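> Taken in order, these protein sequences are the chains called R and U.
With this note's numbering applied, the first sequence closes on residue 402, and no number is skipped along the way.
With this note's numbering applied, the second sequence closes on residue 381, and no number is skipped along the way.
What follows is a single structure, and I will ask about it in a moment.
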Amino acid sequence: MKRQQTQKLAVGIITTVSFLVVVPILLVLIFMIANGIGGISWTFLSQPPRSGMTEGGILPAILGTIFLTLGTAIAAIPLAIGAAIYLSEYASDNRLTRLIRLAIVNLAGIPSIVYGLFGLGAFVLFLNFGTSILAGSLTLGLMTLPVVISTAEEAILSVPQEFRVVSLSLGATRWQTIRHQVLPHALPGIITGVILGLGRAAGETAPILFTVAAFYLPELPQSIFDQTMALPYHLYVISTQIPGMPMEIQYATALVLLLIVLSLTLIATFIRSSMRRRREW
Amino acid sequence: MSNPKPKLSIQNLFFTYGDETEALRNINLDIMENELFILFGPSRSGKSTLLRLMNRLSDLSEGGQRQGKILFNGSGIFSRKVDVINLRRRISMVFAIPTPLPGTIYDNLTYGLKMAGMRDKATLDERVARSLQQAALWDEVKDRLHTSAFALSGGQKQRLCLARSLALEPEVILLDNPTSGLDPISTTIVEQSLHELKQQYTIIMVPHSVQQAARVADKAAFLLDGQVIEVGRQKDLFVNPKDQRTEDYVTGRFG
Ligand SMILES: Nc1ncnc2c1ncn2[C@@H]1O[C@H](COP(=O)(O)OP(=O)(O)OP(=O)(O)O)[C@@H](O)[C@H]1O
Ligand SMILES: [Mg+2]
């Protein structure tokens with residue numbers, strides 16, 4: 122009898138706490154939609170800003186964010202997955218690999234503005250890429266690496282060891298084993314990590330501040346050596362730098378950014394659950 | 127024909143795991159072609175460890191230390207020149223716990239062949255059918271080759287894993303307790319097929335029980351604490367053991 126009451130109490134507390142976590146997220150979402158939806162129109166999504174950004178749309182910023190996210194993916198994914206495979210499948214557990222893991226954990230904790238400054242020093246100035254999509258993507262990619270490496274490694278390690286041993290015992294090479302028995306089963310986890318990492322990159326301001334973002338640039342970029350506008354920085358600009366900016370445009374811009382990041386997260390969740398369902402063991 | 131060369135010759139073999147467990151101590155055994163050789167002994171006596179050394183799956187145990195030699199067709203398998211991948215195709219292991227790979231029955235049976243570069247559908251199909259027949263599983267699965275291997279029963283999985291090794295047409299098969307999950311009828315089926323298989327293969331097997339060892343063995347070695355206590359032909363070892371410890375174990379007085 123007493124045990125059942127404790128049980129009920131525990132479940133009650135856990136349920137309440139879960140609700141408390143969800144409530145602020147929902148409130149933010151509702152607040153943003155309520156304030157921003159009125160500003161969203163086809164013109165807003167398909168036109169460059171006009172009249173000192175107080176009119177027109179945010180197309181260059183939307184496209185800029187999409188370009189930067191793609192650039193981040195191209196810069197980070199191969200390296201991150203390669204590193205995760207190396208660390209989990211090839212490297213033995215020694216001082217060097219422990220040092221690498223420690224470095225990855227610490228890199229994940231570095232404030233994004235530090236990445237921004239590093240990108241300025243390394244990519245913009247030292248490698249002379251200038252303020253460009255290339256420099257911005259590399260900076261964002263670098264920032265995204267640790268989280269993608271960690272989640273990919275975790276996904277790879279969660280593939281049962283027996284599959285590797287059986288595969289090797291049937292005369293598969295190490296790489297064939299990874300290619301056919303490890304990566305397919307680790308893929309949902311890896312994709313989730315990648316998308317969550319990209320979601321974070323898409324929303325960051327500090328890393329692109331000195332490396333790619335343009336204050337006002339209505340023309341679309343022509344190459345990876347061009348600057349571009351980007352949503353997070355544009356939002357920062359219009360909400361702090363421009364006097365007399367209509368509130369509606371600010372909220373609408375924020376809403377668009379929020380929707381892009383949220384849809385990335387939703388895609389990740391969807392991929393994960395649909396691939397889980399197909400798993401056989 | 128007098129004094130033929132052994133298929134596998136194990137010479138002064140020692141193996142110690144990374145955690146200092148001395149699993150094998152000075153093993154010496156000769157295994158002839160087309161022989162069904164039984165390795166038996168109590169739990170933890172080193173039977174699985176010895177099997178894993180024979181196709182170098184022991185390489186996967188990090189920190190494991192090895193001394194001594196294993197000669198396969200007269201040449202050392204631990205030498206640097208040896209192609210381990212090829213060795214594992216010629217000396218194939220069936221594990222004690224049946225582990226299908228994710229995918230269909232057909233995928234499982236063709237995995238090793240495909241990894242070896244075989245693409246010809248007709249040959250693959252033919253190997254699948256033959257290996258399933260040899261493992262006494264064909265009748266049960268011939269209509270569901272393209273369904274998940276995980277849907278098989280435990281005993282079927284075990285025979286699937288045997289068939290998966292046979293599909294590679296190895297020279298030696300290493301069987302670690304191939305009937306552990308089987309009912310008496312399936313056990314009899316597998317034991318019978320062993321007699322046919324050894325016409326074509328050399329078989330080294332860890333048995334389910336002393337009774338099974340006595341039923342199927344041509345020759346057997348009794349292991350205890352990582353050492354070979356006694357080796358002999360079936361009728362010597364199980365009927366007239368020389369060593370007291372073998373006799374005690376065979377007659378069920380310990381173990
Ligand atoms: N991966 C491993 N790491 C460390 N020690 C191990 C490992 N595998 C086996 N051992 C140890 O080596 C010894 C021999 O084990 P092995 O598995 O070869 O015995 P076995 O005769 O196959 O036993 P069983 O009949 O229970 O399968 C045991 O003491 C065991 O604890
Ligand atoms: Mg064993």
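Even glycine gets a Cβ: it sits at the ideal position worked out from N, Cα and C.
Because the structure is a prediction, the values reported are computed rather than measured.
Distance cutoff 8 Å, beta carbons only. Does residue 294 of chain R sit that close to anything in chain U?
Here residue 294 of chain R refers to the residue found at position 173 of the first sequence. By this cut-off, residue 294 of chain R is an interface position.
> Judging by CA-CA distance, which residue of R:253, R:217 and R:268 is the nearest neighbour of residue 231 of chain R?
Taking the first residue of the first sequence as position 1, residue 231 of chain R is located at position 110. Of the candidates R:253, R:217 and R:268, the one whose C-alpha sits nearest the C-alpha of residue 231 of chain R is R:268.
> Taking only heavy atoms of ligand 2 into account, decide whether any of them is closer than 7 Å to the Cβ of residue 332 of chain U.
For the purposes of this step, residue 332 of chain U is identified with residue 206 of the second sequence, where counting begins at 1. Answer for residue 332 of chain U: yes, Cβ within range of ligand 2.
> Note down the Cα distance separating residue 338 of chain U from residue 251 of chain U, rounded to an integer number of angstroms.
By one-based count along the second sequence, residue 338 of chain U stands at place 212. By one-based count along the second sequence, residue 251 of chain U stands at place 125. Distance between the alpha carbons of residue 338 of chain U and residue 251 of chain U is about 33 Å.
> For a test of your reading of the model: does the CB of residue 143 of chain U fall under 7 Å from any non-hydrogen atom of ligand 1? Yes or no.
Numbered from its first residue, the second sequence carries residue 143 of chain U at position 17. Within the cutoff, so yes.
> Chain U beta carbons: is any one of them nearer than 8 Å to that of residue 286 of chain R?
Indexing the first sequence from 1 puts residue 286 of chain R at position 165. Yes, its Cβ sits closer than 8 Å to a Cβ of chain U.
> How many Å lie between residue 127 of chain R and residue 313 of chain R at the Cα?
As a first step, residue 127 of chain R is located in the first sequence; it is residue number 6 there, counting from the start. As a first step, residue 313 of chain R is located in the first sequence; it is residue number 192 there, counting from the start. The alpha-carbon atoms of residue 127 of chain R and residue 313 of chain R are separated by roughly 36 Å.
> Rounded to whole angstroms, what's the CA-CA distance from residue 163 of chain U to residue 331 of chain U? Just pull it up for me.
Position 37 of the second sequence holds residue 163 of chain U. Position 205 of the second sequence holds residue 331 of chain U. Roughly 6 Å between the two C-alpha positions.
> May I have the straight-line CA-CA distance separating residue 387 of chain R from residue 158 of chain R, to the nearest angstrom?
Taking the first residue of the first sequence as position 1, residue 387 of chain R is located at position 266. Taking the first residue of the first sequence as position 1, residue 158 of chain R is located at position 37. Going from the Cα of residue 387 of chain R to the Cα of residue 158 of chain R covers about 20 Å.
> Is residue 306 of chain U near ligand 1, going by C-beta to nearest heavy atom under 7 Å?
On the second sequence, position 180 is the one that residue 306 of chain U refers to. Answer for residue 306 of chain U: no, Cβ out of range of ligand 1.
> So if DSSP puts residue 230 of chain U in a beta bridge, which residue, or which two residues, is it bridged to?
As a position in the second sequence, residue 230 of chain U is number 104, starting the count at 1. Partner residues in the beta bridge of residue 230 of chain U, as assigned by DSSP, are U:274.
> Which same chain residues end up closer than 8 Å to residue 366 of chain R when comparing Cβ atoms and leaving out the 5 residues on each side of it in sequence?
Here the question's residue 366 of chain R lines up with position 245 in the first sequence. Once the five neighbours on either side are set aside, the close Cβ partners of residue 366 of chain R are 174, 175, 359 and 360.
> Compare the C-beta of residue 219 of chain U with all C-beta atoms of chain A and state if any pair is closer than 8 Å.
In the structure shown, chain A cannot be found, because the protein chains are R and U.
> DSSP on residue 362 of chain R, reduced to helix/strand/coil?
Looking up residue 362 of chain R in the first sequence gives position 241. Residue 362 of chain R falls in the coil class under three-state DSSP.
> Within 10 angstroms of its Cβ, does residue 311 of chain R collect 16 or more other Cβ (buried), or is it exposed?
Translated into positions along the first sequence, residue 311 of chain R becomes position 190. Counting Cβ neighbours within 10 Å, residue 311 of chain R comes out buried, since at least 16 surround it.
> If contacts are defined as beta-carbon pairs under 8 Å, then residue 171 of chain U and residue 349 of chain U qualify, I think. What distance do you get, rounded to the angstrom?
Stepping through the second sequence from its first residue, residue 171 of chain U is reached at position 45. Stepping through the second sequence from its first residue, residue 349 of chain U is reached at position 223. Between residue 171 of chain U and residue 349 of chain U a beta carbon distance of about 4 Å is seen, short of the 8 Å cut, so the two are scored as contacting.
> Just checking residue 351 of chain U against ligand 2 - is the residue's beta carbon closer than 7 Å to any of the ligand's heavy atoms?
Taking the second sequence and counting its residues from 1, the one referred to as residue 351 of chain U is at position 225. False, no ligand heavy atom lies under 7 Å from that Cβ.
> Indicate the three-state DSSP secondary structure (helix, strand or coil) for residue 147 of chain U in the structure shown.
If you number the second sequence from 1, residue 147 of chain U lands on position 21. The three-state reading of DSSP puts residue 147 of chain U in coil, since its state is none of H, G, I, E or B.
> Which two residues bound the contiguous beta strand (DSSP E) that contains residue 348 of chain U?
Taking the first residue of the second sequence as position 1, residue 348 of chain U is located at position 222. Boundaries of the beta strand (DSSP E) harbouring residue 348 of chain U: 345 to 350, taken from the DSSP string.
> Flag this pair as yes or no: are the beta carbons of residue 226 of chain U and residue 276 of chain U separated by less than 8 Å?
The count along the second sequence starts at 1 and reaches residue 226 of chain U at position 100. The count along the second sequence starts at 1 and reaches residue 276 of chain U at position 150. Their beta carbons are under 8 Å apart, which means residue 226 of chain U touches residue 276 of chain U by this criterion.
> Would you say the beta carbon of residue 222 of chain U is closer than 7 Å to some non-hydrogen atom of ligand 2?
The count along the second sequence starts at 1 and reaches residue 222 of chain U at position 96. Indeed, a heavy atom of ligand 2 lies less than 7 Å from the Cβ.
> I'd like to know whether the C-beta of residue 232 of chain U is nearer than 8 Å to at least one C-beta of chain R.
The sequence position of residue 232 of chain U within the second sequence is 106, counting from 1. So no, residue 232 of chain U is outside the interface.
> Is residue 174 of chain U near ligand 2 - that is, is its Cβ less than 7 Å away from at least one heavy atom of it?
Mapped onto the second sequence, residue 174 of chain U falls at position 48. For ligand 2, at least one heavy atom lies less than 7 Å from the Cβ of residue 174 of chain U.
> Is the segment 368 to 375 of chain U touching the segment 191 to 207 of chain U in the sense that three or more CB pairs, one from each, lie closer than 8 Å?
no
> Pop quiz: residue 183 of chain R and residue 330 of chain R are said to be a contact at Cβ under 8 Å. What is the actual Cβ separation, rounded to whole angstroms?
One-based indexing of the first sequence puts residue 183 of chain R at position 62. One-based indexing of the first sequence puts residue 330 of chain R at position 209. Going by Cβ atoms, the distance from residue 183 of chain R to residue 330 of chain R rounds to 19 Å, so no, they are not a contact pair.
> Is the CB of residue 237 of chain U under 8 Å away from at least one CB in chain R?
For the purposes of this step, residue 237 of chain U is taken as the residue at position 111 of the second sequence. Yes, residue 237 of chain U lies at the interface with chain R (some Cβ there is under 8 Å from its Cβ).
> Whose CA, out of R:192, R:146, R:155 and R:253, lies closest to the CA of residue 338 of chain R?
Along the first sequence, one-based indexing puts residue 338 of chain R at 217. Taking only the C-alpha atoms, the option nearest residue 338 of chain R is R:253.
> Would residue 208 of chain R count as contacting chain U if we go by Cβ distances under 8 Å?
Counting from 1 along the first sequence, the entry for residue 208 of chain R is found at position 87. No, its Cβ sits nowhere closer than 8 Å to a Cβ of chain U.
> Run through the DSSP bridge pairs and tell me what residue 334 of chain R is partnered with.
Position 213 of the first sequence, counted from the start, is the residue given in the question as residue 334 of chain R. Bridge partners of residue 334 of chain R: R:349.
> Going by the DSSP bridge assignment, what does residue 196 of chain U pair with across the sheet?
Here residue 196 of chain U refers to the residue found at position 70 when the second sequence is read from its first residue. The partner list for residue 196 of chain U (beta bridge, DSSP) reads U:136.
> With distances taken Cα to Cα, identify the nearest neighbour of residue 261 of chain U among U:285, U:217 and U:363.
In the second sequence, counting from the first residue as 1, residue 261 of chain U sits at position 135. Of the listed residues, the one whose Cα sits closest to residue 261 of chain U is U:285.
> Quick one: measure Cβ to Cβ for residue 319 of chain R and residue 186 of chain R, integer angstroms, because I've assumed they're closer than 8 Å.
Within the first sequence, residue 319 of chain R is the residue found at index 198, counting from 1. Within the first sequence, residue 186 of chain R is the residue found at index 65, counting from 1. Incorrect: roughly 11 Å between the Cβ atoms, too far for contact.
> Just to confirm the assignment, what range does the beta strand (DSSP E) spanning residue 358 of chain U have?
Numbered from 1 along the second sequence, position 232 holds the residue referred to as residue 358 of chain U. Looking at the DSSP string, the run of the beta strand (DSSP E) that includes residue 358 of chain U is 353 to 359.
> Is the beta carbon of residue 293 of chain U closer than 8 Å to that of residue 213 of chain U?
Residue mapping note: residue 213 of chain U aligns to position 87 of the second sequence, counting from 1. Residue mapping note: residue 293 of chain U aligns to position 167 of the second sequence, counting from 1. No, they are not a contact pair.
> Determine the chain R residues that contact residue 192 of chain U at a beta-carbon separation under 8 Å, and present them in chain order.
Within the second sequence, numbered from 1, the residue matching residue 192 of chain U stands at position 66. Residues of chain R passing the Cβ test: none, with the nearest at roughly 17 Å.
> So is residue 340 of chain R buried or exposed if we call it buried at 16+ other beta carbons inside 10 Å?
Walking along the first sequence from the start, residue 340 of chain R turns up at place 219. Looking at its Cβ environment, which holds fewer than 16 other Cβ atoms inside 10 Å, residue 340 of chain R is exposed.
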